[in-house]
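Enquirer: Protein chains in written order, with the working numbering: chain A, -7 to 388; chain B, 4 to 460. Beta carbons: idealized from backbone N, C-alpha and C, even for Gly. Nothing here was measured: the structure is a model prediction, and the numbers come from that model.
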Amino acid sequence: MTSQPGPVLRMSYLAASIAGVAFFVLSVAWLGVWPARKLAEQARLTGPEHPLALTASEVRGRAVYAREGCAYCHSQQVRFTDADIARFGAPTMAWETRGDTPHMMGTRRIGPDLARVSGTRSQDWHLTHLYAPRSVVPASVMPAYRHLFQGAPDQPGQSARDLVAYLETLGRVRDLAWPGGEAPAEVVHPARARRTGEVPELQADGDAALGAMLYAGHCAACHGASGIGDGPGAVGLRPRPTNLALHSYSQERVAEVLWNGVAGTAMPAWRDRSIEELSALAAHLQRISVPGVPADPLRADQIRPTDEERDLGGRIYAANCAQCHGAEGAGDGSAAIDLPVAPTNFTRQTPMFDEALRALRNGIDGTPMAPWGSRLSGDELTAVAHYVREFYGGRR
Amino acid sequence: MALGSPSPASPALVESRLVQAHGLAALATLLVSVTFGIIIALQLWVPDLGAGTPWLSWGRLRYAHTQGIMLGWLANAFFAFLYHAVPRLTGRPVTSPQLGRWLFALWNIAVMLPGWVLVLAGVSQPLEWAEFPLVVDAVVLVGVVMAVIQFVPPFFTRGLDSLYVSSWYVIGGLVFTALAYPMGNIVPEFVPGAAGAAFSGLWIHDAVGLFVTPMALAIIYYVIPAVTRKPIFSHFLSMLGFWLLFFLYPLNGTHHYVLSVIPMEAQVTAITASALLGVTVIIVVANLLLSLHGSGVLAEDHGLRFVVMATIFYLVVSIQGSLQAFMSVNAFVHFTDWVIGHSHLAMLGFATFAAAGGLAHAWPHIPGARYNPRAMTWAYWLLLGGLTTMVVDLTIAGLVEGQLWQMGAPWTASLEAARPYWIVRTLSAVPIAGGFIAFLVGLTTGPRTDSGAGVAS
C-alpha cells in the first residue's frame, strides 16, 4: 500500500467511526426507544388506570430479591408459548411490569417462573422454603437463605418477611385487574391453591407402590415418612402439616386436596401431576391413614358414644360449631366463606377420636379453629368429638 | 508492507511493562472468576454448600463470576494486547504511559476490587452482564474513555502505513463500548419493566458483540498474519465482514426476549439480524481460515494455535446463536442450560481462546519475560478438552430440560434430570482450571526472553 497515508486514509477511519456510531444509534432507536414507547402506549391502553404501588416492605423485599440474584434462576415473564401458559398462566402483559425498575424478567429458569407466584404458596411455606428449601421440596437446588433468619424458619428477620411480602405481589395486579376483581385461579396461575373448583375423579385402584415413591419424594418432607406430620419442613408451618395417620379421608376428599391444595395452608395444589400419579398417592394415603381399617375409622377406634353423649354433642355442636362446619358437618356453615382456611368437611374427612379431642381442646394453630378446652367441660368435649366423627361417610 | 498484515514497529514504542501488568492481572482475575464459577457449578448439586454465608450464596457469586470474566479477565487481556499491537499497527506509541498506569490502577483497584466486594456484600444491580452497581459503572465508564484516549488517537496521527482490519476493530470496539456500556448498565435502572428489558437485551448482546467480539477479532486478524507472515486471504472480505458485523451486532439484542411482550416487530428484526449475522460470520471465518495458508489448525506457535481455535469456536457459536434465535427453537431451548452452554462457548471458547492467543503471541515480545512453551501446550489441550466437555454436556442438559418442560412434567423432574449433567459440568472445571493454571505457568516460568530488543513483530 502507500507509505504516505495521507488524508484519505485518516478520513476513512473517521468515516468508520461515524458510521459505527450511527449503527449504534439506529439499534438503540429501533430496538430500545421505539419498543419502550410502544410498550408504554400498550400499558396505558390495557392496564388499570391506578396501578397498585408496592408498600415499603414490598419495596425492601424487591431489593433483597435483586441483590440475591433470584431473577437469575426464576424468570418473571410468562411467554406467549403453550408450554408457558399451561404451566404458569396467562402471558405477561406490558402493563404488569411497568412499575418494575430495574426489570427482573430473567433469561434462565433453574426454578420455575415467579411472575404469578402470589397465592400459589402460603407465607409459612415461603419462609420455610427460604430457610431450608429441601425441607419442603427435597429435589430443590435452591440456596438456603438462612442468613435472613434468626435461627429457625418461624423466626424470620425483617429481610425474609420483606422478601415474602414481595413474592406475594407477583401476579397480584393481574389477579385484581380481572373483570370482577379476581381472576379464576387457572388464569392467574394454574398451580394456585383454590378453595373450590372442578376436581377429576381418581382411580380407585391406584398403584400404591408408585404412590409410596411419590409420597417419599414430595409429601414426606412435611407430612413425615410415616405420615404423622413430623417431616423436616413441618417445624415452621402454621397450621402444622396434617397427621395423616390420625385422619380418614374419602377418595373424593383426597382428590380435592391433591388437585386444589388447601387454600390458606402450606398444602399446595398438585395439578401438574397425572391422574395416575394422584391415584397412586391416594392409594398410598389410604394405607397410612388409620392403619388397619381405613374404610371404617369408627370401628377402628372401638369407641362408641352413648345416646346421652350424642344428644349433648349435638346441642353443643349446633350452638358453637355449625356456624363454620355446617349443620350437617359439611364445612358449609354461614361463616365458612369468610374464613382464611376452609372449615373441615366432616362428611369426607374425619379425625380419630383422640385427635378430635385434641383439636377441640387446643384448637388448630394457624387456622380459625379455636381452642375449646377452657370453655367446655371434659364430658362436653368428649361428646362433641364423638358427634363430629359420626358425620363421616354420611353416617348421620 | 503488504496490505492486510500488521507492520513491524520499533519495540521502543511499546509499553512492555503494561502488556505484562495487564496480562498478569488478566490471569489473576481469571483464576478468581473461575473459582466463583466452580463454586456455583458445585452448588447446583451440593446446594447447601456455603449456606448461611451471604457472600457465598449462588446469586451473588454468579454476579461476581460473569463480571469477573468480562471486566477482569477479558478486558485486562485485551488491554495487554492493545499495548502490544497498537504501536505496531500505527507506528506510533500509545497516547501516554502515565495514562496507562492510571488506567491499569483504575481498572483493577477501582473497578474489579470494589465491584466484587460490593456485589458479594449485596450491593449490585440485577441486570445481566451489568451486575456491578452504578457507582462502579461510573468508574468503568471513566476507564473506557481513558482507553479510548489511550489507544484511538495513534490511528489518527502521523505514521499510518497500512490500512489493517485489526485497526478498524480496535477503534470500533472501543468507541462502541463507550456508547453501549452506559446504555446497558445505567439506562435500565431508570426504564421500567419490559422496556427496560429491551435495553438490557441490547446490552447483553452488545457486551459480546461490540466489546468482546471486536477485540477478539482484532487479535485474530493480528496474530494470524503476524505469525504466518502472509497477508489475510482477502482484504475485501475482511472489510465486508467488518461492516456487516458492526451493522448487524447491535440489532441482535432483542433475541434474548423472544416470545415476550416486547413488540413483535422488534423481535422479528432481531431474529432476522441474528440469521444474517450467522451468514456474515461464515464469511469472516472463511476469510480467516483461508489466511492460514496451510499453517494448519495445530500450529507450532501457541498464539496462532489459540486464535485458530477461537476462530472455529466463533463459527460454531455464531451458527448456534442464529439457530436459537428462531422462535420455534427459542421456545424450546430458551431458559435452559443450552443457553448457558452457548454463553460459555462464546466467552470461554471464542473470546477466551482469542484473548489467550493474544497474550501468548505478545508475551515473548516482552523484554525479559519468561515463557514456557510446554506449559502452553498443556494449557491449550486442557482448555480445549474441558470446554468441549462442558458445552456438549450443557447443550444436552438443555435439550432434556426443554423436553421435560414441553411435556408438562413436574418442575422438579427437570432438576432431577439435570443433576448428572451438572455433575459432569462441574468436573469439566478440572481441566479448565488446570488449563488456566498451566497458562499462568506458561507466562511465568521457562527461559527469559532477550531483555534487549525483543523479537521483531
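#1: Report yes if the CB atom of A/Y154 is closer than 9 Å to the CB atom of A/D116, and no otherwise.
#2: In this structure, how does DSSP classify B/Q70 when only helix, strand and coil are distinguished?
#3: Closer than 9 Å, Cβ to any Cβ of chain B: which residues of the segment 90 to 116 of chain A, in chain order?
#4: Give me, in chain order, the residues of the same chain whose beta-carbon lies closer than 6 Å to that of A/P297; leave out the 5 immediate sequence neighbours on both sides.
#5: Figure out for me which residue from A/S114, A/T99, A/D74 and A/A55 has the closest Cα to the Cα of B/G125.
#6: Buried or exposed: which applies to B/S241, given that a residue is buried once 16 or more other Cβ atoms fall within 10 Å of its Cβ?
#7: Suppose contacts are defined by Cβ-Cβ distances below 9 Å. Is B/Q153 in contact with B/S99 by that definition?
#8: Got a sec: which bits of the segment 299 to 324 of chain B sit with their beta carbon under 9 Å from any beta carbon on chain A, in order along the chain?
#9: Compute the Euclidean distance between the alpha carbons of B/V151 and B/L177, then round it to the nearest angstrom.
#10: Is A/T120 close to chain B? Criterion is C-beta to C-beta, closer than 9 Å.
#11: Tell me, please, whether the segment 18 to 29 of chain B touches the segment 78 to 89 of chain B by the rule of three or more beta-carbon pairs shorter than 8 Å.
#12: What separation, rounded to the nearest whole angstrom, lies between the Cα atoms of B/I265 and B/G199?
#13: Keeping to the same chain, check which residues put their C-beta closer than 8 Å to that of A/G209; ignore five residues upstream and five downstream.
#14: Does the beta carbon of B/V458 come closer than 9 Å to any beta carbon on chain A?
#15: For B/P423, report the span of its alpha helix (DSSP H) as first-last.
#16: Taking the C-alpha atoms as reference points, what is the distance between A/H215 and A/L194?
#17: Assign B/M410 to buried or exposed, taking buried as 16 or more other Cβ atoms, counted over all protein chains shown, within 10 Å of its Cβ.
#18: Would you call the segment 227 to 247 of chain B and the segment 42 to 51 of chain A in contact, with 3 or more CB pairs under 8 Å?
#19: Is it buried or exposed for A/Q150, if we count other Cβ within 10 angstroms and need 16 for buried?
#20: Between B/H68 and the rest of its own chain, which residues show a CB-CB distance below 7 Å, the 5 nearest in sequence each way excluded?
#21: Assign B/F239 to one of three DSSP states: helix, strand, or coil.
#22: Using only the alpha-carbon positions, how far apart do A/G225 and A/A21 sit?
#23: Please state whether DSSP places A/P360 in a helix, a strand or coil.
#24: How long is the line joining the alpha carbons of B/F442 and B/P191, rounded to whole angstroms?
#25: Hey, A/G198 and A/A275: beta-carbon distance below 9 Å or not?
#26: Does any residue of chain B bring its CB to less than 9 Å from the CB of A/V133?
#27: Would you kindly work out how many angstroms separate the C-alpha atoms of A/D167 and B/I72, rounded to a whole number?
#28: For A/G305, which option in A/W170, A/I329, A/W26 and A/E382 has the closest C-alpha, if you only look at C-alpha atoms?
#29: May I have the straight-line CA-CA distance separating B/Q323 from A/P231, to the nearest angstrom?
#30: What's the call for B/A108, buried or exposed, on a 16-neighbour Cβ count within 10 Å?
#31: Helix, strand or coil: which one does DSSP assign to B/S19?
#32: Relative to chain D, which residues along the segment 27 to 54 of chain A have a C-beta separation below 9 Å, given in chain order?
#33: Between the segment 204 to 223 of chain B and the segment 309 to 318 of chain B, do three or more beta carbon pairs fall short of 8 Å?
#34: Going by the CB atoms, is the gap between B/P434 and B/T392 shorter than 9 Å?
#35: Name the chain B residues whose beta carbon is nearer than 7 Å to that of A/L23?
#36: Since B/V1 contacts B/I274 with CB under 8 Å, what's their CB separation in whole angstroms?
Expert: So, from the data block:
#1: Inspection of the sequence shows that residue 154 of chain A is occupied by Asp rather than by Tyr. No, the Cβ-Cβ distance between A/D154 and A/D116 is not below 9 Å.
#2: helix
#3: R90, G91, D92, T93, P94, H95, M96, M97, G98, T99, R100, R101, I102, G103, P104 and D105
#4: H378
#5: A/A55
#6: buried
#7: yes
#8: none
#9: 6 Å
#10: no
#11: yes
#12: 10 Å
#13: P130 and A131
#14: In this prediction, B/V458 scores a pLDDT of 45, lower than 50, which makes its location untrustworthy; the coordinate-derived value is nonetheless stated afterwards. With 9 Å as the cut-off, B/V458 does not count as an interface residue toward chain A.
#15: W414 to L430
#16: 21 Å
#17: exposed
#18: no
#19: exposed
#20: S36, F39, G40 and I43
#21: helix
#22: 51 Å
#23: coil
#24: 37 Å
#25: yes
#26: yes
#27: 41 Å
#28: A/E382
#29: 50 Å
#30: exposed
#31: helix
#32: Included in the structure are the protein chains A and B, with no chain D among them.
#33: yes
#34: yes
#35: A201, L205, L254, G256, T257, A269, T272 and A273
#36: The first residue shown for chain B is 4 and the last is 460, placing residue 1 of chain B beyond what the model contains.
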